[in-house]
Amino acid sequence: MILAQGQPLLEWDWIVRNSSRIFERFLEHAELTAIAVGIGLLISFPIAVFAYRHRWLLGPTTWFTGLLYTIPSLALFAFLVPYTGLSTTTAEIGLVSYTLLILIRNIVAGLDGVPADTREAAIGMGYTNRQLLWRVELPLALPVIVAGIRIASVTTIGLVTVTSLIGQGGLGYFILLGLRRFFSTPIIAGTVLSVAFAITVDAALLIGQRALTPWVKRKPPGLAT
Amino acid sequence: MISLTDVTKRFPHSSEPAVDRLSLEIEAGKVVSLVGPSGCGKTTTLKMINRLIEPTSGSIVVNGAEIMRQDPVKLRRDIGYVIQSVGLMPHRTIEQNIETVPRLVGWDQARIRKRVDELVSIFDLDRDLLLRYPAELSGGQRQRVGVARALAVDPPVMLMDEPFGAVDPIVRERLQDEFLEIQSSLKKTIVFVTHDIDEAIKMSDRIVILNQGGKVEQHASPEEILRSPANEFVKQFVGAERGLKRLSLISVSDIGVEEGPVVSSSSSAEEAKRVMDQFGFGWTSVVDEGQLLGWVDEEMLHEAAVVSEVKPRKFAAFVVPDNSLRKALDSVVSSRTQVAVVLGEGQAYLGILTLEHISKEIIL
Numbered sequence: 005m006i007l008a009q010g011q012p013l014l015e016w017d018w019i020v021r022n023s024s025r026i027f028e029r030f031l032e033h034a035e036l037t038a039i040a041v042g043i044g045l046l047i048s049f050p051i052a053v054f055a056y057r058h059r060w061l062l063g064p065t066t067w068f069t070g071l072l073y074t075i076p077s078l079a080l081f082a083f084l085v086p087y088t089g090l091s092t093t094t095a096e097i098g099l100v101s102y103t104l105l106i107l108i109r110n111i112v113a114g115l116d117g118v119p120a121d122t123r124e125a126a127i128g129m130g131y132t133n134r135q136l137l138w139r140v141e142l143p144l145a146l147p148v149i150v151a152g153i154r155i156a157s158v159t160t161i162g163l164v165t166v167t168s169l170i171g172q173g174g175l176g177y178f179i180l181l182g183l184r185r186f187f188s189t190p191i192i193a194g195t196v197l198s199v200a201f202a203i204t205v206d207a208a209l210l211i212g213q214r215a216l217t218p219w220v221k222r223k224p225p226g227l228a229t
Numbered sequence: 066m067i068s069l070t071d072v073t074k075r076f077p078h079s080s081e082p083a084v085d086r087l088s089l090e091i092e093a094g095k096v097v098s099l100v101g102p103s104g105c106g107k108t109t110t111l112k113m114i115n116r117l118i119e120p121t122s123g124s125i126v127v128n129g130a131e132i133m134r135q136d137p138v139k140l141r142r143d144i145g146y147v148i149q150s151v152g153l154m155p156h157r158t159i160e161q162n163i164e165t166v167p168r169l170v171g172w173d174q175a176r177i178r179k180r181v182d183e184l185v186s187i188f189d190l191d192r193d194l195l196l197r198y199p200a201e202l203s204g205g206q207r208q209r210v211g212v213a214r215a216l217a218v219d220p221p222v223m224l225m226d227e228p229f230g231a232v233d234p235i236v237r238e239r240l241q242d243e244f245l246e247i248q249s250s251l252k253k254t255i256v257f258v259t260h261d262i263d264e265a266i267k268m269s270d271r272i273v274i275l276n277q278g279g280k281v282e283q284h285a286s287p288e289e290i291l292r293s294p295a296n297e298f299v300k301q302f303v304g305a306e307r308g309l310k311r312l313s314l315i316s317v318s319d320i321g322v323e324e325g326p327v328v329s330s331s332s333s334a335e336e337a338k339r340v341m342d343q344f345g346f347g348w349t350s351v352v353d354e355g356q357l358l359g360w361v362d363e364e365m366l367h368e369a370a371v372v373s374e375v376k377p378r379k380f381a382a383f384v385v386p387d388n389s390l391r392k393a394l395d396s397v398v399s400s401r402t403q404v405a406v407v408l409g410e411g412q413a414y415l416g417i418l419t420l421e422h423i424s425k426e427i428i429l
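Chains as they are written, first to last, in our numbering: chain A, 5 to 229; chain P, 66 to 429.
Here it is, written out as structure tokens:
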């Protein structure tokens with residue numbers, strides 16, 4: 005591997021010395037993730053709701069976001085740098101692009117999962133379209149939508165490390181640093197923290213979703229995609 | 066209250082109309098059933114009344130206004146709607162489900178609470194249920210909540226699409242009885258869709274029998290449909306046992322009682338025998354001051370001079386004027402005397418019903 009001879013795998017010293025830098029990079033990582041998933045949701049939500057109501061849009065939407073999803077991240081960043089530079093914007097454009105497919109598909113799947121009789125009864129009782137969406141369809145779709153947000157968040161947390169190549173990267177900065185210096189400690193620190201962050205966010209979202217949907221009978225986690 | 070005039074519905078990609086120039090008047094305060102085989106357009110017709118399906122042509126007037134000129138959302142809030150699968154909101158508690166329409170129309174909290182309390186007592190719901198989610202209730206409980214929810218803002222008109230279809234026969238019968246009792250005091254105008262002719266006979270004041278394309282084969286009272294089905298289709302649909310089904314709709318007081326052999330306990334045995342011969346029975350009722358004591362036959366009076374010397378036998382069963390002829394018939398065939406004795410209040414003897422008399426109602 006990349007290890008220099010005789011070097012220990014993990015130097016606690018280094019971690020202690022750099023703890024404030026690590027914390028800063030962690031915050032950057034969290035921020036990049038939150039903005040990416042947040043903007044991803046803001047874009048996906050109206051598109052998904054619109055495509056749910058107008059089914060013909062669903063095919064083209066899935067095709068386009070699926071195409072975005074297949075672009076290798078390195079290539080995408082390389083392509084964007086000439087236009088938006090080594091900036092947060094470049095990083096976020098990439099990160100947001102990768103959330104769209106997952107989020108749109110899950111929002112639509114969640115809305116599709118609303119029982120037809122519930123919808124019919126709601127319309128028959130005089131819900132307007134808007135009330136139907138906000139008071140019936142979205143609450144019932146919430147478990148599947150949150151499942152999508154969980155996948156998107158975990159994926160984004162992993163991808164953020166790649167943006168270290170364009171001068172961003174959060175905890176990915178340490179991974180890149182370690183690679184350049186053949187120094188394993190920052191690689192391990194960056195990786196372990198990134199994974200721990202992903203697991204924490206995933207669990208927090210699941211707990212939040214359960215608190216918001218007390219009517220849902222517990223099923224094995226990660227069912228919905 | 067509700068009137069349909071030349072209502073036609075054509076669905077796209079379908080050559081035949083689902084409902085073809087249907088005209089129907091539905092009187093206020095009555096239960097009208099739309100009955101027919103699947104594909105007869107009964108559910109389509111129902112859903113056109115609250116504009117869940119829009120008619121292709123024709124006019125539907127509800128509460129004095131043409132529905133196509135009303136705001137569909139407002140129209141639906143004014144009409145109670147119950148469907149077979151109930152469609153309770155899975156994410157709302159039972160209480161919140163019942164409160165749905167009052168909230169949509171903007172009632173204040175105090176009024177909503179009062180109305181929920183009323184509905185809980187009308188439907189005899191367990192208060193503990195109110196905080197549960199629909200998934201935690203039995204099928205029968207969900208159906209009752211569904212009906213209670215539909216009545217929440219006390220709408221004058223209710224549309225019910227097989228509202229008791231999703232529960233087992235025993236629960237269904239109880240829900241039907243309960244609903245009839247509630248309806249007898251609420252007097253809603255109800256359009257009731259069912260494929261079950263027996264349910265229609267039981268639940269409705271009027272029955273509309275529909276054939277493919279919403280063609281009205283007969284529109285009449287249940288009694289009339291059973292007595293004189295308009296055509297072969299109706300006869301087939303109503304099915305066998307038409308006569309027996311009809312008997313359950315006619316009460317004893319509707320056809321009147323027959324006189325029957327009667328003596329008092331002070332009558333002589335000879336007189337009793339004369340009365341028996343007169344009616345062609347081997348027995349006679351014993352009635353003192355209007356009260357039925359029982360019956361005696363020739364054999365019992367064999368050695369007696371006066372009726373009071375023997376102890377009259379009790380009739381095994383009797384009927385009251387409110388009972389149906391079906392019950393009277395049961396009483397006839399299961400009693401030794403082969404008649405049904407009709408009693409009024411306080412064992413007062415009114416007369417008898419014979420098989421012959423009852424069967425006049427069956428054979429038409």
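Glycine included, each C-beta is placed from N, C-alpha and C at the ideal position.
_Is there a C-beta anywhere in chain P that falls below 8 angstroms from the one on Glu-124 (chain A)?_
Sequence index remark: in the first sequence, residue 124 (chain A) carries index 120 (1-based). Cβ-Cβ to chain P under 8 angstroms: yes for Glu-124 (chain A).
*What is the C-beta distance between Leu-13 (chain A) and Ser-188 (chain A), in whole angstroms, given that I count them as a contact (C-beta under 8 angstroms)?*
What you label residue 13 (chain A) is simply residue 9 of the first sequence in a count that begins at 1. What you label residue 188 (chain A) is simply residue 184 of the first sequence in a count that begins at 1. That belief holds up - the Cβ atoms of Leu-13 (chain A) and Ser-188 (chain A) are roughly 5 angstroms apart, short of 8 angstroms.
*asked:* Quick check on Arg-109 (chain A): buried or exposed, where buried means 16 or more other Cβ atoms within 10 Å of its Cβ?
replied: To locate residue 109 (chain A), count along the first sequence from 1; it is residue 105. When all chains shown are included, Arg-109 (chain A) counts as buried.
_Distance, Ala-405 (chain P) Cα to Leu-99 (chain P) Cα_ = As a working mapping, residue 99 (chain P) is identified with position 34 in the second sequence. As a working mapping, residue 405 (chain P) is identified with position 340 in the second sequence. Leu-99 (chain P) and Ala-405 (chain P): Cα-Cα distance of roughly 36 angstroms.
*Can you check DSSP and say which residues form a bridge with Trp-348 (chain P)?*
Taking the second sequence and counting its residues from 1, the one referred to as residue 348 (chain P) is at position 283. In DSSP, Trp-348 (chain P) forms a bridge with P:Asp-362.
*For the beta strand (DSSP E) containing Val-126 (chain P), list its first residue and its last residue.*
Stepping through the second sequence from its first residue, residue 126 (chain P) is reached at position 61. Note, Val-126 (chain P): beta strand (DSSP E), 122-127.
*asked:* Pairs of beta-carbons, one from the region 172-180 of chain A and one from the region 20-33 of chain A, closer than 8 angstroms: are there three or more?
replied: yes
*Give the range of the beta strand (DSSP E) segment to which Val-258 (chain P) is assigned.*
Indexing the second sequence from 1 puts residue 258 (chain P) at position 193. Counting along the chain, Val-258 (chain P) sits inside the beta strand (DSSP E) bounded by residues 254-259.
*Would you mind telling me which residues of chain P sit closer than 7 angstroms to Pro-143 (chain A), beta carbon to beta carbon, in chain order?*
As a first step, residue 143 (chain A) must be located in the first sequence, where it is residue number 139. Here the neighbours are His-156.
*According to DSSP, is Gln-356 (chain P) helix, strand or coil?*
Position 291 of the second sequence, counted from the start, is the residue given in the question as residue 356 (chain P). Correct three-state label for Gln-356 (chain P): strand.
*asked:* Beta carbons nearer than 7 angstroms to chain A: which residues of the region 101-127 of chain P have them?
replied: Asn-115, Leu-117
*Does the beta-carbon of Arg-141 (chain P) have 16 or more other beta-carbons within 10 angstroms, so that it is buried, or is it exposed?*
Residue numbering aside, residue 141 (chain P) sits at position 76 when the second sequence is read from its first letter. Counting Cβ neighbours within 10 Å, Arg-141 (chain P) comes out buried, since at least 16 surround it.
_Buried/exposed call for Thr-229 (chain A), threshold 16 Cβ in 10 Å_ = As a working mapping, residue 229 (chain A) is identified with position 225 in the first sequence. Because the pLDDT at Thr-229 (chain A) is just 42, under 50, the model does not fix this residue reliably, and the value given afterwards should be weighed accordingly. Burial is judged here by how many other beta carbons sit within 10 angstroms of a residue's own beta carbon; Thr-229 (chain A) has fewer than 16 and is exposed.
*asked:* Counting only C-beta atoms, is Gly-128 (chain A) closer than 8 angstroms to chain P at any point?
replied: Residue 128 (chain A) sits at position 124 when you count from the first residue of the first sequence. Yes, Gly-128 (chain A) lies at the interface with chain P (some Cβ there is under 8 angstroms from its Cβ).
_CB contact below 8 angstroms: Asp-121 (chain A) versus chain P_ = Working through the first sequence from its first residue, we reach residue 121 (chain A) at position 117. Taking Cβ atoms only, chain P reaches closer than 8 angstroms to Asp-121 (chain A), which makes this a yes.
*asked:* My assumption, with CB atoms under 8 angstroms, is that Leu-209 (chain A) sits in contact with Ile-153 (chain A). Please give the rounded CB distance.
replied: Start at 1 with the first residue of the first sequence, and residue 209 (chain A) comes out as number 205. Start at 1 with the first residue of the first sequence, and residue 153 (chain A) comes out as number 149. Sure, about 6 angstroms apart at Cβ, within 8 angstroms.
*Can you tell me the Cα-Cα spacing of Val-85 (chain A) and Thr-195 (chain A), whole angstroms?*
By one-based count along the first sequence, residue 85 (chain A) stands at place 81. By one-based count along the first sequence, residue 195 (chain A) stands at place 191. Taking the straight line joining both Cα atoms gives about 25 angstroms.
*Closer than 7 angstroms at the beta carbon, the chain A residues around Val-138 (chain P)*: In the second sequence, the residue the question calls residue 138 (chain P) occupies position 73. Here the neighbours are Gly-130, Thr-132.
*Helix, strand or coil: which one does DSSP assign to Asp-136 (chain P)?*
By 1-based counting over the second sequence, the position of residue 136 (chain P) is 71. It is coil, neither helix nor strand.
*Got a sec? Which residues, its chain only, sit under 7 angstroms from Val-41 (chain A) by beta carbon, not counting five neighbours each side?*
Stepping through the first sequence from its first residue, residue 41 (chain A) is reached at position 37. Hits under 7 angstroms: Thr-103, Ile-153, Ala-156, Ser-157, Thr-160.
_As assigned by DSSP and simplified to three states, the class of Leu-90 (chain A)_ = As a first step, residue 90 (chain A) must be located in the first sequence, where it is residue number 86. Coil.
*Find the residues of chain B that neighbour Val-140 (chain A), judging by a C-beta separation of less than 7 angstroms, and give them in chain order.*
Chain labels in this structure do not include chain B; the protein chains are A and P.
_Less than 8 angstroms between CB atoms is the rule here; does Thr-160 (chain A) satisfy it with respect to chain P?_
The residue labelled residue 160 (chain A) in the question sits at position 156 within the first sequence. Taking Cβ atoms only, chain P never reaches closer than 8 angstroms to Thr-160 (chain A), which makes this a no.
_Is there a C-beta anywhere in chain P that falls below 8 angstroms from the one on Leu-210 (chain A)?_
Translated into positions along the first sequence, residue 210 (chain A) becomes position 206. False, the Cβ-Cβ gap to chain P never drops below 8 angstroms.
*asked:* Please report the distance separating the alpha-carbon of Asn-128 (chain P) from that of Gln-301 (chain P).
replied: Residue mapping note: residue 128 (chain P) aligns to position 63 of the second sequence, counting from 1. Residue mapping note: residue 301 (chain P) aligns to position 236 of the second sequence, counting from 1. Each residue's alpha carbon lies about 35 angstroms from the other.
*The alpha helix (DSSP H) spanning Leu-62 (chain A) covers which residue range?*
For the purposes of this step, residue 62 (chain A) is identified with residue 58 of the first sequence, where counting begins at 1. Run containing Leu-62 (chain A): 62-74, per the alpha helix (DSSP H) assignment.
*Is the CB of Arg-134 (chain P) under 8 angstroms away from at least one CB in chain A?*
Translated into the one-based positions of the second sequence, residue 134 (chain P) becomes position 69. Not one chain A Cβ lies under 8 angstroms of Arg-134 (chain P).
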